[in-house]
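Q:
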Amino acid sequence: QKKQGGGIANTKIISGIILDKERVHEGMPKHIKNAKIALINAALEVKKTEVDARIQIQDPAQLQAFLDEEEGMIRKMVEKVKKSEANVLICQKGVDDIAQHFLAKEGIYTVRRAKKSDMEKLSKATGAKIVANLDGLTSKDLGNAGNVEEKKFGDDKMTFVTDCKNPKAVSIIIRGTTEHVVDELERGLHDALSVVKV
1 QKKQGGGIAN TKIISGIILD KERVHEGMPK HIKNAKIALI NAALEVKKTE
51 VDARIQIQDP AQLQAFLDEE EGMIRKMVEK VKKSEANVLI CQKGVDDIAQ
101 HFLAKEGIYT VRRAKKSDME KLSKATGAKI VANLDGLTSK DLGNAGNVEE
151 KKFGDDKMTF VTDCKNPKAV SIIIRGTTEH VVDELERGLH DALSVVKV
């Protein structure tokens, strides 16, 4: 990860994975110890009806019934995450605002729209299985990390997944005063790592 700000001396190796993402809701914990991590390649959203389809709502009671049904579906999704005993959820797709609220109430640290490459790195580092459907999520699919924490770098917030049992992936956070310095440091680091590759 490259982050402008700070000096070159602030560059460090992290035993784990850094996601350039923050938790989705301020009500969620900033730090989870003994993290049980679920990796989901699905959205925690109610699928919207086709654009051409129109819902004919005649009165406020119908609207309320529709909204209640939608909320109920989202509650069930969050309940599936909770039932798996996950306390961290990394989602490759979107997470509905209502789902964010319920996940926060359950104390589940959640990240949305994670990159596929980050999901794969997390799977290697934590032992979590990437699950395509919430219906199939069980405690056996979860990965483990000693800590999952949101940290601030300049104006950006990032998620650190550290203290993994068998980290098969590590991250290097490159810091520098300007973008040019950061880019040069990245090139130099890449060259050095290419020399020592086995």
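Going by full-length UniProt numbering, the residue at position 198 of the sequence shown is 198; the numbering climbs one at a time, nothing skipped. Using N, Cα and C, we set each Cβ at its ideal position, and we do this for glycine too. Being a predicted model, the structure only gives us computed values, none of them experimental.
#1: I'd like to confirm the pairing. Which residues does DSSP put opposite C91 in its beta bridges?
#2: Looking only at its own chain, which residues have a Cβ that is under 6 Å from the Cβ of L89, when we skip the five neighbours before and after it?
#3: Counting Cβ pairs closer than 8 Å, one from the stretch 108-128 and one from the stretch 14-34, do we hit at least three?
#4: Pull up the distance between the alpha-carbon of S171 and that of I98, whole angstroms please.
#5: At the level of alpha carbons, what is the spacing between E150 and H31?
#6: Near C164, which residues of its chain fall below 6 Å by C-beta distance, leaving aside the five closest residues on each side in sequence?
#7: M158 to L122, Cα distance in whole Å?
#8: Let me know the secondary structure DSSP gives T159 once reduced to three states.
#9: List the whole-angstrom C-beta distance separating V46 from I74, where the pair is believed to meet the contact cut-off of C-beta under 8 Å.
#10: Report all residues from its chain with a CB closer than 6 Å to the CB of L189; omit the five preceding and five following residues, and keep chain order.
#11: Between A43 and G94, how many whole angstroms is the CB-CB distance? I'm expecting something under 8 Å.
#12: At which residues does the alpha helix (DSSP H) containing L137 begin and terminate?
A: Considering the structure as presented:
#1: The residue given as residue 91 occupies position 91 in the sequence shown. Paired residue(s): I40.
#2: For the purposes of this step, residue 89 is taken as the residue at position 89 of the sequence shown. Closer than 6 Å at the Cβ level, and outside the excluded window around L89, lie A38, V81, I108, T110.
#3: yes
#4: For the purposes of this step, residue 171 is taken as the residue at position 171 of the sequence shown. For the purposes of this step, residue 98 is taken as the residue at position 98 of the sequence shown. Within the model, the alpha-carbon separation for S171 versus I98 is close to 33 Å.
#5: Working through the sequence shown from its first residue, we reach residue 150 at position 150. Working through the sequence shown from its first residue, we reach residue 31 at position 31. Those two C-alpha atoms are separated by around 7 Å.
#6: Within the sequence shown, the letter at position 164 stands for residue 164. Correct list, in chain order: G16, A125, T126, A145.
#7: The residue you call residue 158 lines up with position 158 of the sequence shown. The residue you call residue 122 lines up with position 122 of the sequence shown. Going from the Cα of M158 to the Cα of L122 covers about 15 Å.
#8: In the sequence shown, residue 159 corresponds to position 159, counting from 1. Three-state result, T159: strand.
#9: Mapped onto the sequence shown, residue 46 falls at position 46. Mapped onto the sequence shown, residue 74 falls at position 74. The Cβ separation is near 6 Å, so the contact holds.
#10: Against the sequence shown, residue 189 aligns to sequence position 189. Correct list: empty, nothing qualifies.
#11: Here residue 43 refers to the residue found at position 43 when the sequence shown is read from its first residue. Here residue 94 refers to the residue found at position 94 when the sequence shown is read from its first residue. A43 to G94, Cβ: 5 Å. Contact.
#12: As a working mapping, residue 137 is identified with position 137 in the sequence shown. Unbroken run through L137: none, as it is neither H nor E.
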